[in-house]
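Engineer: Sequence order for the protein chains is A and B.
Residue 240 in the working numbering sits at position 237 of the first sequence; the count goes up by one each step and never skips.
Residue 91 in the working numbering sits at position 88 of the second sequence; the count goes up by one each step and never skips.
The C-beta atom is built at its ideal place from N, Cα and C for all residues, glycine as well.
There are 2 protein chains.
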Amino acid sequence: MRSQPYIRIPFRSGCKLSSKAIVDTLIGELTARNLPSGSRLPPLRVVAHQLHVSKNTVAMAYTELAARGMISPDGTRGYFIARQPTVATDRDTYDVPSIRMLDAPPERLKSAGSLRQPLIDIGNVFIDRELLPLERIGQCFRSVLKQPGLHYMYDTQGHRPLREIIAARLTKRGLHAKSEWVITTTGSQQGLDVCTRALEKKSLATENPSYGIAKRLFEMNGLRTTGLPINPFEGIDLGLWEKQVTRARASAIYLTTNFQNPTGYSYSSSELHGIIDICRRLNVGIIEDDWGSDMLPYSEYRTPLRALAGSHVVYLNSFTKKLLPSLRTGYVLADDKSLPILLDAKRTGTLGTPTLIEATLFEFIDRGYYDQHLKELQRELDIRYQNCLRLLAALMPETVRWAKPGGGPVLWLELPKAIDLQRLRDRLLKKGVSINLDTENWFFGRPHLHGIRIGFAFLPPHRMQKGVEILAHAVRQEIGGAL
Amino acid sequence: MRSQPYIRIPFRSGCKLSSKAIVDTLIGELTARNLPSGSRLPPLRVVAHQLHVSKNTVAMAYTELAARGMISPDGTRGYFIARQPTVATDRDTYDVPSIRMLDAPPERLKSAGSLRQPLIDIGNVFIDRELLPLERIGQCFRSVLKQPGLHYMYDTQGHRPLREIIAARLTKRGLHAKSEWVITTTGSQQGLDVCTRALEKKSLATENPSYGIAKRLFEMNGLRTTGLPINPFEGIDLGLWEKQVTRARASAIYLTTNFQNPTGYSYSSSELHGIIDICRRLNVGIIEDDWGSDMLPYSEYRTPLRALAGSHVVYLNSFTKKLLPSLRTGYVLADDKSLPILLDAKRTGTLGTPTLIEATLFEFIDRGYYDQHLKELQRELDIRYQNCLRLLAALMPETVRWAKPGGGPVLWLELPKAIDLQRLRDRLLKKGVSINLDTENWFFGRPHLHGIRIGFAFLPPHRMQKGVEILAHAVRQEIGGAL
């Protein structure tokens, strides 16, 4: 039996090629389609002799090419050039139809993760990375990597030690919590996704204006959503809210009671009690997003709805902004009744979240780093908040108003109606300043506010000063132009 | 002006307490409600003198308690016991109603993450942790932590270097791919969630039996789903599939063409082409889950549907099982048309995924560790597969059949109809063996198969042998009992 003739490979002759170089040569030839598919490759000894290398070196190269599916072994008959998979292109006539999908929003929502440096971004809700404990988080990662090392498996509900320490912290703050009720999530965004997917009746009420990506989530998850107006200067009209919730037959209400985004508004104690009354009367459940309560000046401690209104309130929180956005870790606090279905919603959405991150976060909290960080952070947030108020008072024309949220990372700046906000934005972009203006995505229906969100935790003082100066100047120009 | 009298704290007297011990004592007293709210705490100098510590030590303790919201500073008047937030209990009469949510599935789906040791789990789809490159993944984490350190922000679409290297790998395999089309996901589960939430028409067809958590996902996301029968012994009846897809007016079809779960079935080339024909004729799009294609013996390389049927095929893959389940990283390959809405669905679901994990995975692939690992893994998977076939042939009674998938981590074991599968499971549990039996969650309607999934990649050889021996014995007993 004569064996099949083999093709010659144009190696750079005489060279003592490494296994990797052999692989690269062959990939080059195959990609250029110089070698007909189905042809036999030279036997190991032939190539070894040609290149003055060991047979083993050639064997390693052939094995790698086989792993890549570019050549195939055929028993003792040697290696053959594999049939090249057809490279499908967009013009391929064999295309199956595309899947009919929802329309993306007209202007794609800005990625929360987009940092538009070197613009002076005076609307950013995130906290300056200089204020975040990167070094200590890194220490905790290294420590976790040393311990049991990498955890092989994840717990769908979340790493147990992290759930336990979260429950203990919440208990100290007066919430009825236990680790069996905690579900970790990919930021509070997944917490909200999980809640809305688990709703039986797809109708919800929430604040108007609302965080744009939450609004879009409700839309994608098929919810009818009613906006309940928030006015950061006047507070909440509870009578109006009750009428709207009634008319909408909302089955749940989603609220951010501290530092609501984008208004920066925090609910008063009597508003919290009024809302509880409404929900009891109308048989409406509450989803509470408490992201801001770790950023309250100490004397301002407020009791969350979860503590005031009982354990049926589904409570969301997150470590993302306060610790490090890229960690993407938040949690839901459920109760016996809501746990199984919320857990099911997390399972079907992502199965689980990375254990290493959760173990590191546990380490960080357990060492006391988190409480210490929050204290230090708060000192700096308070300074930045006061600085922002001082700048606005000194620089803004009289017809401009702003809310004084008392803390947090954002406040609402209300501008004269005569100002065209889009034009203001464009004017500012030319001056190197970016503002947060997302009117379309924030409001349900016709906006009852006319302004922008100011983020005062993101920029260091000199950048903030520069930004507010340019903003104030542009506002004055726009007012002048509008007159 | 006389200052308000202060309460005495029952410190263990004479002791030189640390700041932490002071905090703990006060927390104990406050939790026990021994200290009336509103009362004044002793001034710093009093406690310092009492405990023989510096005023600074006491000040640190008070600051921490204030941070916890348990005491409040009041200007120069000192610190006061805060009003304790009401601890809501389940019996709290002030409860708001619970939110009406979907029912959880009757028997909660087994968490994919549950490892039921020390049972011999012969149905597990995961790969033995001993075969996974934990040491090298740890190296890559350490290296990433040293580099730019922790990334502050995430990219909603996924860490760019990872997207680029994924696109390059796919291109080498004959797919038309670019990094702008790659979206990273929390395992392929999020990939599937993203696709189904983005569907315009909520109707889907998929294999029957199907992976239970995928089926449940479709249900939660409001899809009408049609099951297309797979028979791992006979293959696919394309005529029947066409009829069913037509009748269901499915707008998309979700397929796992290699090592389908739970049957282990891989589609033949003519089946792939037949399916493409059906989808073109009926105007149905394809979602392809290619999780298994990195676990094919080299000679078995198969072209994915994405390469055969063009870039409209939405392609899912994952590193989870092959690398480390707890990393939770997969990806979607979209095209220009589907990208914006799929990205929108990821954004609304989780905003982003942890950058550190993605940067580490990039490092792992870029160093060549991934390809090397896949080769080593494949050698061992092939051995375990052959070993499993050998054990079944040696031990099973003649009336039992099993599919020979050619590789992967699972195969289907078909049992005589007379055997009560639940009873078999219970019998095996008593013998320390756990099987994967999820008939209710796998099948649409009445099951056309009567068997269990065998996972041969999870157990080391001696455990597998023990497990199959016990299984074979139990099956013989059940057959004997049924006669």
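1) My guess is that V248/B and L285/B are in contact by the Cβ rule of under 8 Å, so how many angstroms apart are they, rounded?
2) Three-state secondary structure (DSSP) at M104/A?
3) What's the call for S269/B, buried or exposed, on a 16-neighbour Cβ count within 10 Å?
4) Grab the span of the alpha helix (DSSP H) containing T188/B for me, first residue to last.
5) What are the uninterrupted segments assigned as beta strand (DSSP E) that are 3 or more residues long and contained completely in the stretch 58 to 89 of chain B, given in chain order?
6) Look up A406/A in the DSSP assignment and say whether it is helix, strand or coil.
7) Alpha carbon to alpha carbon, what distance is there between T28/B and T34/B?
8) Please tell me whether Q389/A has its Cβ less than 8 Å away from any Cβ of chain B.
9) Who does W244/B pair with in a DSSP beta bridge?
10) Does DSSP put P164/B in a helix, a strand or coil?
11) Using the Cβ count rule (16 or more neighbours within 10 Å means buried), how would you classify T332/B?
12) Any idea if S271/B is buried or exposed, counting beta-carbon neighbours within 10 angstroms, 16 or more meaning buried?
13) Which first and last residues belong to the alpha helix (DSSP H) in which Y257/B is found?
14) Determine, for L226/B, whether the minimum Cβ-Cβ distance to residues of chain A falls below 8 Å.
15) Check each candidate in P400/B, M399/B and L414/B and name the one with the smallest Cα separation from A406/B.
16) Sort L207/B, E481/B and M467/B by Cα distance to R428/B and report the nearest one.
17) Would you decide whether N261/A is buried or exposed? Buried here means 16 or more other CB atoms lie within 10 Å of its CB.
18) In the DSSP assignment, find the beta strand (DSSP E) that holds P232/A and state where it starts and stops.
19) Starting from the Cα of E137/A, find the closest Cα among I186/A, D106/A and Y373/A and give me that residue.
20) Does the structure place the stretch 351 to 371 of chain A close enough to the stretch 353 to 362 of chain B that three or more beta carbon pairs sit under 8 Å?
21) Select from W244/B, R252/B and I438/B the residue whose C-alpha is nearest the C-alpha of L258/B.
22) For the alpha helix (DSSP H) containing D369/B, name the first residue and the last one.
23) Contact criterion: CB-CB distance below 8 Å. Does T187/A meet it with respect to chain B?
24) Could you check whether the Cβ of R382/A sits closer than 8 Å to any Cβ belonging to chain B?
25) Could you tell me which uninterrupted beta strand (DSSP E) segments, each at least 3 residues in length, are contained entirely in the stretch 381 to 456 of chain B, listed from first to last along the chain?
26) Of the residues that make up the stretch 340 to 372 of chain B, which ones have a beta carbon closer than 7 Å to any beta carbon in chain A?
27) Taking 8 Å as the threshold (C-beta atoms), are Y334/A and V185/A in contact?
28) Among R176/A, I74/A, G277/A and G267/A, which one has its Cα closest to the Cα of R176/B?
29) Does chain A have any CB closer than 8 Å to the CB of S21/B?
30) Using the three-state DSSP reduction, which class does A115/B fall into: helix, strand or coil?
31) Do L327/A and L153/B count as a contact pair if the criterion is CB distance below 8 Å?
32) In chain order, what residues of the same chain have a beta carbon less than 6 Å from the beta carbon of L519/B, not counting five sequence neighbours either side?
33) Quick one: does I298/B have its CB under 8 Å from some CB of chain A?
34) DSSP three-state call for Y270/B: helix, strand or coil?
35) Put Y301/A into one of helix, strand or coil per three-state DSSP.
36) Going by DSSP, which residues form a beta bridge with Y334/B?
Structural biologist: Judging by the given coordinates:
1) 6 Å
2) strand
3) buried
4) From DSSP, T188/B is part of no alpha helix (DSSP H) but of the beta strand (DSSP E) over V185 to T188.
5) 74 to 76 and 82 to 84
6) coil
7) 10 Å
8) no
9) In DSSP, W244/B forms no bridge with anything.
10) helix
11) buried
12) exposed
13) Note, Y257/B: premise wrong, no alpha helix (DSSP H); beta strand (DSSP E) at A255 to L258.
14) no
15) L414/B
16) E481/B
17) buried
18) R227 to P232
19) In the sequence as presented, Glu is not what sits at residue 137/A; that position holds Leu. Per the Cα distances, Y373/A.
20) yes
21) W244/B
22) T358 to D369
23) no
24) no
25) 413 to 417
26) K340, S341, P343, I344, D347, A348, R350, T351, G352, T353, L354, G355, T356, P357, T358, L359 and I360
27) yes
28) I74/A
29) no
30) Its pLDDT being 41, under 50, A115/B is placed unreliably by the model, and nothing is read from it.
31) yes
32) What the structure shows of chain B is the stretch from 4 to 486, and residue 519/B is not part of that stretch, so it cannot be assessed.
33) Looking at the sequence itself, residue 298/B is Met, so the reference to Ile does not match. Judged by the 8 Å Cβ criterion, M298/B is not in contact with chain A.
34) coil
35) Per-residue confidence for Y301/A stands at a pLDDT of 49, beneath the threshold of 50, marking its modelled position as unreliable; the derived number appears in the next sentence. Here Y301/A sits in helix by DSSP.
36) T187/B and N320/B
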